[in-house]
Amino acid sequence: MRYASNNGDLADKAVSTKEQMILFSIGQPDENQQEYCIPILMIKEIREFERPTKLPHSPHYVEGAINLRGNILPVINLATNLGVQPELNNPRRIVVIVEYEGRTFGLLVDRVVGITDISSGEIQPVSVDASTSELSGLVMVEDKMIGILRLDNIVSQLVGGSGGAAAMEF
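Each step along the sequence shown adds one to the number in this note's numbering, with nothing skipped, and position 169 is 149.
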(Lines of atoms letter the chains of each structure in order from A and count residues from 1; the text may use other names and numbers.)
(Lines give C-alpha, C1' and ligand atoms only; values in the text may rest on other atoms or scores of the structure.)
Protein backbone atom coordinates (compact mmCIF):
# COMPACT_ATOMS: atom_id res chain seq x y z
CA MET A 1 0.00 0.00 0.00
CA ARG A 2 1.09 3.55 -0.45
CA TYR A 3 0.33 6.28 2.05
CA ALA A 4 0.48 10.03 1.60
CA SER A 5 2.75 11.87 4.00
CA ASN A 6 2.09 15.37 5.37
CA ASN A 7 3.90 17.04 2.47
CA GLY A 8 2.06 15.06 -0.20
CA ASP A 9 4.92 12.65 -0.99
CA LEU A 10 4.05 8.97 -1.18
CA ALA A 11 5.81 6.63 1.19
CA ASP A 12 6.14 2.93 0.36
CA LYS A 13 4.68 0.49 2.83
CA ALA A 14 4.56 -3.28 2.73
CA VAL A 15 2.01 -4.54 0.24
CA SER A 16 -0.34 -7.17 1.56
CA THR A 17 -2.12 -9.46 -0.85
CA LYS A 18 -5.73 -10.58 -0.52
CA GLU A 19 -6.91 -14.11 -1.08
CA GLN A 20 -10.46 -15.41 -1.26
CA MET A 21 -11.15 -18.07 1.36
CA ILE A 22 -14.12 -20.32 1.98
CA LEU A 23 -15.23 -20.37 5.63
CA PHE A 24 -16.80 -23.47 7.15
CA SER A 25 -17.59 -24.76 10.61
CA ILE A 26 -17.31 -28.09 12.39
CA GLY A 27 -18.67 -29.32 15.69
CA GLN A 28 -21.83 -28.86 17.71
CA PRO A 29 -23.43 -25.43 17.22
CA ASP A 30 -22.51 -24.20 20.68
CA GLU A 31 -19.26 -23.32 22.42
CA ASN A 32 -17.54 -26.33 20.78
CA GLN A 33 -18.19 -25.15 17.22
CA GLN A 34 -15.04 -24.06 15.41
CA GLU A 35 -14.56 -22.22 12.13
CA TYR A 36 -11.79 -22.74 9.61
CA CYS A 37 -10.97 -21.61 6.11
CA ILE A 38 -8.99 -22.67 3.07
CA PRO A 39 -8.17 -20.82 -0.16
CA ILE A 40 -11.07 -21.03 -2.57
CA LEU A 41 -8.73 -21.84 -5.46
CA MET A 42 -8.03 -25.27 -3.90
CA ILE A 43 -11.71 -26.23 -4.05
CA LYS A 44 -12.97 -28.25 -7.00
CA GLU A 45 -16.59 -28.43 -5.84
CA ILE A 46 -18.93 -28.60 -2.88
CA ARG A 47 -21.28 -31.58 -2.61
CA GLU A 48 -24.08 -32.74 -0.38
CA PHE A 49 -22.97 -35.42 2.04
CA GLU A 50 -23.47 -38.97 0.82
CA ARG A 51 -22.63 -41.91 3.02
CA PRO A 52 -19.13 -43.00 1.97
CA THR A 53 -18.00 -46.60 1.71
CA LYS A 54 -16.00 -47.57 4.78
CA LEU A 55 -12.35 -48.44 4.20
CA PRO A 56 -10.94 -51.21 6.40
CA HIS A 57 -7.88 -50.35 8.48
CA SER A 58 -8.09 -46.64 7.63
CA PRO A 59 -7.30 -43.94 10.21
CA HIS A 60 -10.20 -43.01 12.50
CA TYR A 61 -10.65 -39.62 10.82
CA VAL A 62 -11.18 -41.14 7.35
CA GLU A 63 -14.93 -41.36 6.93
CA GLY A 64 -14.58 -43.62 3.88
CA ALA A 65 -14.47 -43.17 0.12
CA ILE A 66 -16.88 -41.75 -2.45
CA ASN A 67 -17.12 -42.11 -6.21
CA LEU A 68 -16.84 -38.74 -7.94
CA ARG A 69 -17.49 -39.21 -11.65
CA GLY A 70 -15.45 -42.43 -11.77
CA ASN A 71 -12.72 -41.29 -9.35
CA ILE A 72 -12.55 -42.84 -5.89
CA LEU A 73 -11.78 -40.16 -3.27
CA PRO A 74 -11.11 -40.50 0.45
CA VAL A 75 -13.29 -38.35 2.69
CA ILE A 76 -11.72 -36.90 5.83
CA ASN A 77 -14.03 -36.10 8.72
CA LEU A 78 -12.43 -32.77 9.59
CA ALA A 79 -14.03 -32.61 13.04
CA THR A 80 -12.64 -36.02 14.00
CA ASN A 81 -9.27 -35.15 12.47
CA LEU A 82 -9.01 -31.95 14.53
CA GLY A 83 -10.31 -33.47 17.78
CA VAL A 84 -13.69 -31.70 17.75
CA GLN A 85 -16.92 -33.52 18.64
CA PRO A 86 -18.63 -33.86 15.22
CA GLU A 87 -22.23 -32.82 14.79
CA LEU A 88 -24.04 -36.10 14.15
CA ASN A 89 -27.38 -36.30 12.34
CA ASN A 90 -26.81 -32.95 10.69
CA PRO A 91 -28.70 -32.93 7.37
CA ARG A 92 -26.65 -29.91 6.24
CA ARG A 93 -23.23 -31.64 6.34
CA ILE A 94 -21.32 -31.25 3.12
CA VAL A 95 -18.18 -32.54 1.48
CA VAL A 96 -15.74 -29.96 0.16
CA ILE A 97 -13.77 -31.56 -2.69
CA VAL A 98 -10.22 -30.23 -2.52
CA GLU A 99 -7.26 -30.61 -4.85
CA TYR A 100 -3.85 -30.13 -3.30
CA GLU A 101 -0.52 -31.01 -4.90
CA GLY A 102 -2.11 -33.37 -7.39
CA ARG A 103 -4.20 -35.19 -4.78
CA THR A 104 -7.96 -34.90 -4.63
CA PHE A 105 -9.95 -35.69 -1.49
CA GLY A 106 -13.06 -34.64 0.38
CA LEU A 107 -13.31 -32.72 3.63
CA LEU A 108 -16.50 -33.46 5.56
CA VAL A 109 -17.64 -30.27 7.31
CA ASP A 110 -20.83 -29.41 9.17
CA ARG A 111 -21.72 -26.26 7.24
CA VAL A 112 -20.30 -23.68 4.87
CA VAL A 113 -20.37 -20.24 6.47
CA GLY A 114 -19.38 -18.09 3.49
CA ILE A 115 -16.60 -16.64 1.41
CA THR A 116 -14.34 -13.79 2.47
CA ASP A 117 -11.22 -11.95 1.35
CA ILE A 118 -8.33 -12.27 3.77
CA SER A 119 -5.30 -10.03 3.55
CA SER A 120 -1.94 -11.65 4.27
CA GLY A 121 -1.27 -8.80 6.71
CA GLU A 122 -4.27 -9.84 8.82
CA ILE A 123 -3.00 -13.39 9.44
CA GLN A 124 -1.48 -14.02 12.85
CA PRO A 125 0.98 -16.92 13.16
CA VAL A 126 0.28 -19.81 15.51
CA SER A 127 2.90 -20.59 18.12
CA VAL A 128 3.26 -24.31 17.49
CA ASP A 129 5.58 -26.43 15.36
CA ALA A 130 4.54 -25.58 11.79
CA SER A 131 5.65 -28.97 10.52
CA THR A 132 2.95 -30.73 12.58
CA SER A 133 0.29 -28.04 13.01
CA GLU A 134 -2.94 -28.25 11.05
CA LEU A 135 -3.07 -24.43 11.06
CA SER A 136 -0.95 -21.96 9.13
CA GLY A 137 -2.37 -19.03 11.07
CA LEU A 138 -5.36 -17.34 12.65
CA VAL A 139 -7.40 -14.43 11.39
CA MET A 140 -10.28 -12.37 12.77
CA VAL A 141 -13.38 -12.33 10.58
CA GLU A 142 -16.42 -10.45 11.89
CA ASP A 143 -15.27 -10.75 15.52
CA LYS A 144 -14.61 -14.51 15.20
CA MET A 145 -11.22 -16.17 15.30
CA ILE A 146 -10.85 -18.39 12.23
CA GLY A 147 -8.13 -21.00 11.73
CA ILE A 148 -6.48 -21.22 8.32
CA LEU A 149 -5.95 -24.90 7.53
CA ARG A 150 -2.62 -26.27 6.30
CA LEU A 151 -3.66 -28.85 3.74
CA ASP A 152 -0.07 -30.07 3.37
CA ASN A 153 -0.12 -31.47 6.92
CA ILE A 154 -3.56 -33.02 6.47
CA VAL A 155 -2.40 -34.71 3.26
CA SER A 156 0.80 -35.92 4.92
CA GLN A 157 -1.32 -37.60 7.61
CA LEU A 158 -3.29 -39.43 4.93
CA VAL A 159 -0.28 -40.66 3.02
CA GLY A 160 1.84 -41.45 6.07
CA GLY A 161 4.13 -38.42 6.01
CA SER A 162 5.78 -36.76 8.99
CA GLY A 163 2.51 -35.73 10.61
CA GLY A 164 0.68 -38.95 10.05
CA ALA A 165 -0.35 -42.30 11.27
CA ALA A 166 -1.38 -44.80 8.66
CA ALA A 167 -0.47 -44.49 4.99
CA MET A 168 -3.16 -44.43 2.32
CA GLU A 169 -2.86 -44.17 -1.41
CA PHE A 170 -5.25 -41.83 -3.18
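Each residue gets a CB set at the ideal place from its N, CA and C atoms; glycine is no exception.
| query | result |
| --- | --- |
| Pick from Pro54, Arg31, Val64 and Glu102 that is closest to Glu122, judged by C-alpha positions | Glu102 |
| Nonlocal neighbours in the same chain, by C-beta distance under 6 Å from Ile52, ignoring five residues either side | Ala45 |
| Gly144, DSSP secondary structure in three states | Below a pLDDT of 50, predicted positions are generally treated as unreliable, and Gly144, at 37, falls in that range; the measurement from the model is reported next regardless. In the structure shown, Gly144 sits in coil (DSSP, three-state: anything other than H, G, I, E or B). |
| Residues bridged to Ile46 [DSSP beta-bridge criterion] | Leu53 |
| Asn133 burial status per 10 Å Cβ neighbour count (16 or more: buried) | buried |
| Contacts around Asn69, its chain only, beta-carbon distance under 6 Å, and the 5 residues preceding and following it disregarded | none |
| Where the beta strand (DSSP E) through Thr84 begins and ends | Arg83 to Val89 |
| Which of helix, strand or coil DSSP assigns to Asp132 | helix |
| Whole-angstrom distance between Thr84 and Gln14, CA atom to CA atom | 24 Å |
| Buried versus exposed call for Pro9 [16 or more other C-beta atoms within 10 Å across all chains shown] | exposed |
| Leu35 - containing beta strand (DSSP E), residue span | No beta strand (DSSP E) holds Leu35; DSSP gives it neither H nor E. |
| Length of the line joining the Cα atoms of Val93 and Val119 | 15 Å |
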